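Taken in sequence, the protein lines are chains A and B. Residue numbering for the first sequence follows the numbering used here, starting at 2 and increasing by one per position. Residue numbering for the second sequence follows the numbering used here, starting at 2 and increasing by one per position. Idealized CB from N, CA, C, for every residue including glycine. Computed from a predicted structure; not experimentally measured.
Protein chains: 2
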Amino acid sequence: MNVGGKQYRSIWLEADGRSVSYIDQTELPFAFVVRRMTRVDEAAEAIRAMRVRGAPLIGATAAFGICLALAEDHTDASLKSAVELLLATRPTARNLRWALDQMLAEVKDLRPPQRPAAAFAKAKAICDQDVAVCRAIGEHGFRLLRETSATKRGPVNVLTHCNAGWLACVDLGTALAPVYRAHAAGLPVHVWVDETRPRNQGALTAWELKAHGVPHTVIVDNAGGLLMQQGKVDLCLVGTDRTTGQGDVCNKIGTYLKALAAKDNGVPFYVALPSSSIDWETDGRSIPIEERGADEVVCVSGRTGAGERVTISVMPEASTANYGFDVTPARLITALVTERGLCPASAKGLRALFPENAEPERRRRQRRTRG
Amino acid sequence: MNVGGKQYRSIWLEADGRSVSYIDQTELPFAFVVRRMTRVDEAAEAIRAMRVRGAPLIGATAAFGICLALAEDHTDASLKSAVELLLATRPTARNLRWALDQMLAEVKDLRPPQRPAAAFAKAKAICDQDVAVCRAIGEHGFRLLRETSATKRGPVNVLTHCNAGWLACVDLGTALAPVYRAHAAGLPVHVWVDETRPRNQGALTAWELKAHGVPHTVIVDNAGGLLMQQGKVDLCLVGTDRTTGQGDVCNKIGTYLKALAAKDNGVPFYVALPSSSIDWETDGRSIPIEERGADEVVCVSGRTGAGERVTISVMPEASTANYGFDVTPARLITALVTERGLCPASAKGLRALFPENAEPERRRRQRRTRG
Numbered sequence: 002m003n004v005g006g007k008q009y010r011s012i013w014l015e016a017d018g019r020s021v022s023y024i025d026q027t028e029l030p031f032a033f034v035v036r037r038m039t040r041v042d043e044a045a046e047a048i049r050a051m052r053v054r055g056a057p058l059i060g061a062t063a064a065f066g067i068c069l070a071l072a073e074d075h076t077d078a079s080l081k082s083a084v085e086l087l088l089a090t091r092p093t094a095r096n097l098r099w100a101l102d103q104m105l106a107e108v109k110d111l112r113p114p115q116r117p118a119a120a121f122a123k124a125k126a127i128c129d130q131d132v133a134v135c136r137a138i139g140e141h142g143f144r145l146l147r148e149t150s151a152t153k154r155g156p157v158n159v160l161t162h163c164n165a166g167w168l169a170c171v172d173l174g175t176a177l178a179p180v181y182r183a184h185a186a187g188l189p190v191h192v193w194v195d196e197t198r199p200r201n202q203g204a205l206t207a208w209e210l211k212a213h214g215v216p217h218t219v220i221v222d223n224a225g226g227l228l229m230q231q232g233k234v235d236l237c238l239v240g241t242d243r244t245t246g247q248g249d250v251c252n253k254i255g256t257y258l259k260a261l262a263a264k265d266n267g268v269p270f271y272v273a274l275p276s277s278s279i280d281w282e283t284d285g286r287s288i289p290i291e292e293r294g295a296d297e298v299v300c301v302s303g304r305t306g307a308g309e310r311v312t313i314s315v316m317p318e319a320s321t322a323n324y325g326f327d328v329t330p331a332r333l334i335t336a337l338v339t340e341r342g343l344c345p346a347s348a349k350g351l352r353a354l355f356p357e358n359a360e361p362e363r364r365r366r367q368r369r370t371r372g
Numbered sequence: 002m003n004v005g006g007k008q009y010r011s012i013w014l015e016a017d018g019r020s021v022s023y024i025d026q027t028e029l030p031f032a033f034v035v036r037r038m039t040r041v042d043e044a045a046e047a048i049r050a051m052r053v054r055g056a057p058l059i060g061a062t063a064a065f066g067i068c069l070a071l072a073e074d075h076t077d078a079s080l081k082s083a084v085e086l087l088l089a090t091r092p093t094a095r096n097l098r099w100a101l102d103q104m105l106a107e108v109k110d111l112r113p114p115q116r117p118a119a120a121f122a123k124a125k126a127i128c129d130q131d132v133a134v135c136r137a138i139g140e141h142g143f144r145l146l147r148e149t150s151a152t153k154r155g156p157v158n159v160l161t162h163c164n165a166g167w168l169a170c171v172d173l174g175t176a177l178a179p180v181y182r183a184h185a186a187g188l189p190v191h192v193w194v195d196e197t198r199p200r201n202q203g204a205l206t207a208w209e210l211k212a213h214g215v216p217h218t219v220i221v222d223n224a225g226g227l228l229m230q231q232g233k234v235d236l237c238l239v240g241t242d243r244t245t246g247q248g249d250v251c252n253k254i255g256t257y258l259k260a261l262a263a264k265d266n267g268v269p270f271y272v273a274l275p276s277s278s279i280d281w282e283t284d285g286r287s288i289p290i291e292e293r294g295a296d297e298v299v300c301v302s303g304r305t306g307a308g309e310r311v312t313i314s315v316m317p318e319a320s321t322a323n324y325g326f327d328v329t330p331a332r333l334i335t336a337l338v339t340e341r342g343l344c345p346a347s348a349k350g351l352r353a354l355f356p357e358n359a360e361p362e363r364r365r366r367q368r369r370t371r372g
C-alpha cells in the first residue's frame, strides 16, 4: 500500500539479496521508520518486541529469519537453533509455526550450501502467496459489504478490533482487505476502530485507513457494545491469530466481548483469515494464551505537546495481569472469510472448504513427532 | 476511609461553615490534593472537569453548590440559576437531579435569609445519609461474598468496572462497600480492576484498594471476558449512574460488555446502588448518553520516569467518538444490591423493595412540570 505516495510492503528482501527490511511498527503512528536486519536474532527481536506484528507478518518475518540464519551458517545445527529461537518468540501465533514448517520442509533435505538461496526464494514466495491470499479474502469480504450496502442508506459501518490491515500482513491485510477493496470500488464505508488496549494497535489501523483515505472513527474498547445497541454498526470484521478446526477464533484480547455484543444485537460477526492460521488439531480450550509484561498495562507511549516521544506510567506501581488473546467460540461467529470464500465457523464448514487439510496435517505432525 | 493514616471523606464542610473541601480526583492516583471552594461555579467546574465523580459524590457536590450559591445570594434568582448551572454539568447522572430536588424542596419555601443555614444543614444530611446508605449496601453485598466464599477455596474474585468505591461516594462506596466490609471481616477477597478507558478510573479503584490493603489486580477492559472463560471471576460487582424502574442499569461505558460475558459464562453480575440513583420514570432507551470530548480518547495523563506529570497524545490527530455510558439490560443482571437489600433487576423487584417510590415521584414530577 502507499505511504507518502510510495508503494510499500510491510517486509521485503533488499536488492542485495542478503538483508531484509521492515516497517518498525513500534514507531508508528507517529514516525515511519524502516529497519534493516541481517541476522536471525534481529528477526526474533523484531517479533518479540512487536516491531512486526500480525499473524501473517510474523510468519513472513520468521521465514526471513531462517534465511538470515542459513546465510550466516547453513548447517543443521544453525537451522535447528534458528527454528527454536523463532518459535519461542510468540507462543500463540499459528502462522509462526506454519511458516517455520514451510521453511523446514523446503531446506532440510537440501545439501547445506544450497540452503540459503532456496530459503530466500521460499520466503519470498511465502510473502507473495500472502498477498495473493489477502487479495482473495478482500474479494470475498467485499461481496458482504456490497450486500450490506444494498440494504441501507449511507456508508457501511464496520467495527474492527486490533490491526488486521496491511501492516499485519505483507500487503492489503485480512480484515481490512474487504474495506480497501470496497473503498477502491467506490462503495461508501466507515470503520469503527477499537483502540485495542493495552498496545493500542487501533492507532495502526487508524494510521493505515487515514493514509488510504478511508473514513474511520477511533473508539475505546468499551464503546462497541453501545454502538451496536444504537444500531451504528452494520457488521464486525476482525482478524485472527489462530483458528481451530472447529471454527473457534483466537484473536487479540477483547474480541470475544465484541462477538458477544454482536450476537446480542443481531450484528453479523465475521472473521477474515488466511487458511494458514487454521490449527486443525487444537480445540479452543487448548490454545496457549500468551501472558505479557505488566508494563504494557501501566505504561503508555505517545507524544507530548512539544512533539517529544515519551512513555509514561498511567498509575503508580500496581499489581497487573496482561493476557494477549481470548478465544471467541464458533457459535458467536456468523462466518469465516477465507481466501477460498466464506464458510460457517464449524468443523464441517471448514472441512468443506479445505478438504485436503485435515488429514495431511495430521500425518505431517506424526512424521515430525517421529522424526 | 484512611489516607496516610488520617480519616477522610471525599467531600466535607470546613469548620468555618462557609467553605467546602474535596479530594481532587484528577490529581489521583499520583498526588493527593484537597481543594477548597466557596462559590457555586467552582462546584460546577469540579463536577464538569470530573475533579469529583461518581453518582453519589456528584449529588453531594451539587448540594454543596446550592449552599455556596445561597451563601453568596439567597434570592430566588440565585437559587434558580444555581440549579440550572449544576444540572447542566453531567446530563446522565441521576443523583445530580435527585440532590438538587432535595435541596430545592428544603429551601424554596423558606424566607430567603433563612436559606443558607438550611441548605448547609441539608447538604450535610445528604452526605451523612449517603454514608449510611453505603454502609447498608456493604452489609447486604457482604452476604453475597460470604456465601460465595463458602463454596470455594481461596479468595473470592470480584471483577469491577470503573470506580464505585469511597472516592465515588462520600465514604465507603457502593460496589466496593461489600469488598471493604468483607476485608474488615477477614474474608479473603481479590478484586479484578478494569482500567476503564478512556479516563482510567480503574486507577482510582486500585489506589483506594491499595490504601486499604485489599488484594487487587489491574487489567485492561478487554481482559474480563477471558478471565470469566477461565473461571477466574466469581462475581461481577459494579455501580451505576442511573437505574431505571425496570432494572436497566446505566453505568460507565463497557459495563454492558462485562455483563454479556458474565451471562455467557454463568458468572453472577450484581449492581450496587443507592435507591437515589433509581429513575422510576425513564426506560433504558430514553437515558441520554453523555458524549464527551475527543481529547479523552486521544490524550492520556500520567507520570514520566523522572516523576513529571504530563499529558501525551497516543495517536496523531484522529477522528474519534467518546460516549460516557452504556445501558446494561435488566435481563443480564443477577440482582440489584440496594440499601434495603437485594432484589431482582425488574419493575416488580424494585417496587417490592421500594413500594413508596413510584407514585410519589410521579406526583413530584407533575408538580414540577406544573410549577
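{"Query": "Asp249(B) lies in the beta strand (DSSP E); which residues open and close that run?", "Result": "No beta strand (DSSP E) holds Asp249(B); DSSP gives it neither H nor E."}
{"Query": "Can you list the residues of chain B that Tyr324(A) reaches, using a CB-CB cut of under 7 Å?", "Result": "Ala224, Leu227"}
{"Query": "Can you give, in chain order, each stretch of the beta strand (DSSP E) that sits fully within the region 22-79 of chain A and has at least 3 residues?", "Result": "35-38"}
{"Query": "Please report the distance separating the alpha-carbon of Phe326(B) from that of Leu228(A).", "Result": "11 Å"}
{"Query": "So, does the CB of Gln230(B) fall closer than 9 Å to a CB anywhere in chain A?", "Result": "yes"}
{"Query": "Tell me Gly325(B)'s beta-bridge partners as DSSP assigns them.", "Result": "For Gly325(B), which the question treats as bridged, DSSP gives no partner whatsoever."}
{"Query": "State the Cα-Cα distance for the pair Asn252(B) and Ala273(B), rounded to the nearest angstrom.", "Result": "11 Å"}
{"Query": "Identify the continuous alpha helix (DSSP H) that holds His213(B) and give its terminal residues.", "Result": "203-213"}
{"Query": "Do you know how far the Cα of Val299(A) is from the Cα of Ser314(A)?", "Result": "5 Å"}
{"Query": "Pull up the distance between the alpha-carbon of Ala50(A) and that of Arg304(B), whole angstroms please.", "Result": "23 Å"}
{"Query": "Name, please, each residue of chain B whose Cβ falls closer than 7 Å to the Cβ of Phe270(A).", "Result": "Those do not exist, as Phe270(A) stays about 13 Å from chain B at its closest Cβ, beyond 7 Å."}
{"Query": "Using a threshold of 8 Å, is the CB atom of Gly225(A) nearer than that to any non-hydrogen atom of the ligand MN?", "Result": "Among the ligands in the structure shown, none appear at all, so the ligand MN cannot be discussed."}
{"Query": "Shortest alpha-carbon distance to Ala346(A) belongs to which of Ala83(A), Arg310(A), Ser277(A), Tyr271(A)?", "Result": "Tyr271(A)"}
{"Query": "Using only alpha-carbon positions, find the residue among Thr335(B), Phe121(B), Ala307(B), Pro57(B) that is nearest to Trp99(B).", "Result": "Pro57(B)"}
{"Query": "How would you list, in chain order, the residues of chain B whose beta-carbon sits under 8 Å from the beta-carbon of Val221(A)?", "Result": "Arg198, Pro199, Asp222, Ile254, Gly255, Val298, Asn323"}
{"Query": "Note down, in chain order, all residues in the region 14-39 of chain A with a beta-carbon under 8 Å from any beta-carbon belonging to chain B.", "Result": "Pro30, Phe31"}
{"Query": "Would the beta-carbon of Ala322(B) fall within 9 Å of that of Ala262(A)?", "Result": "no"}
{"Query": "Suppose the cutoff is 8 Å on Cβ atoms and the five residues either side in sequence are ignored; what does the same chain contact list for Gly372(B) look like?", "Result": "Below a pLDDT of 50, predicted positions are generally treated as unreliable, and Gly372(B), at 41, falls in that range; the measurement from the model is reported next regardless. Once the five neighbours on either side are set aside, Gly372(B) has no close Cβ partner at all."}
{"Query": "Looking at the unbroken alpha helix (DSSP H) that takes in Phe121(B), where does it start and where does it end?", "Result": "116-151"}
{"Query": "By the DSSP assignment, the beta strand (DSSP E) with His191(A) in it spans what residues?", "Result": "190-195"}
{"Query": "In whole angstroms, what separates the C-alpha of Trp193(A) from that of Ser320(B)?", "Result": "10 Å"}
{"Query": "Considering only the beta carbon of each residue, do Ser302(B) and Ala169(B) sit closer than 9 Å?", "Result": "no"}
{"Query": "Determine the extent of the alpha helix (DSSP H) in which Leu261(B) is found, giving its start and end residues.", "Result": "256-266"}
{"Query": "Just the chain A side, please: which residues come within less than 7 Å of Val315(B) by C-beta, in chain order?", "Result": "Asn201, Ala204, Val301, Gly303"}
{"Query": "If you draw a straight line from the C-alpha of Val171(A) to the C-alpha of Glu318(A), how long is it?", "Result": "38 Å"}
{"Query": "Name the residue from Gly285(B), Val190(B), Ser20(B) whose alpha carbon lies nearest to the alpha carbon of Asn158(B).", "Result": "Val190(B)"}
{"Query": "Check the DSSP bridge columns for Ala185(A) and list the partner residues they point to.", "Result": "For Ala185(A), which the question treats as bridged, DSSP gives no partner whatsoever."}
{"Query": "Looking at C-alpha atoms only, which residue of Val328(A), Ala212(A), Asp102(A), Ala72(A) is the closest neighbour of Asp284(A)?", "Result": "Val328(A)"}
{"Query": "One question on the structure: do Thr245(B) and Ile220(B) come within less than 9 Å of each other, judged by their Cβ atoms?", "Result": "no"}
{"Query": "Can you tell me the Cα-Cα spacing of Gly267(B) and Arg332(B), whole angstroms?", "Result": "13 Å"}
{"Query": "Taking the straight line between their C-alpha atoms, what separation do you get for Val132(A) and Leu351(B)?", "Result": "58 Å"}
{"Query": "So, do the region 102-117 of chain B and the region 73-92 of chain B have three or more beta carbon pairs nearer to each other than 8 Å?", "Result": "yes"}
{"Query": "Check whether the Cβ atoms of Lys164(A) and Gly240(A) lie closer than 9 Å to each other.", "Result": "Correcting the residue type first, residue 164(A) is Asn in the shown sequence and not Lys. It is a contact, given that the beta carbons lie within the stated cut-off."}
{"Query": "Between Val84(A), Leu173(A), Val250(A), which has its C-alpha nearest Gly139(A)'s C-alpha?", "Result": "Leu173(A)"}
{"Query": "Take Val4(A) as the anchor and find which of Ala64(A), His213(A), Leu145(A) has the nearest alpha-carbon.", "Result": "His213(A)"}
{"Query": "From the beta carbon of Asp327(A), is the nearest beta carbon of chain B less than 9 Å away?", "Result": "yes"}
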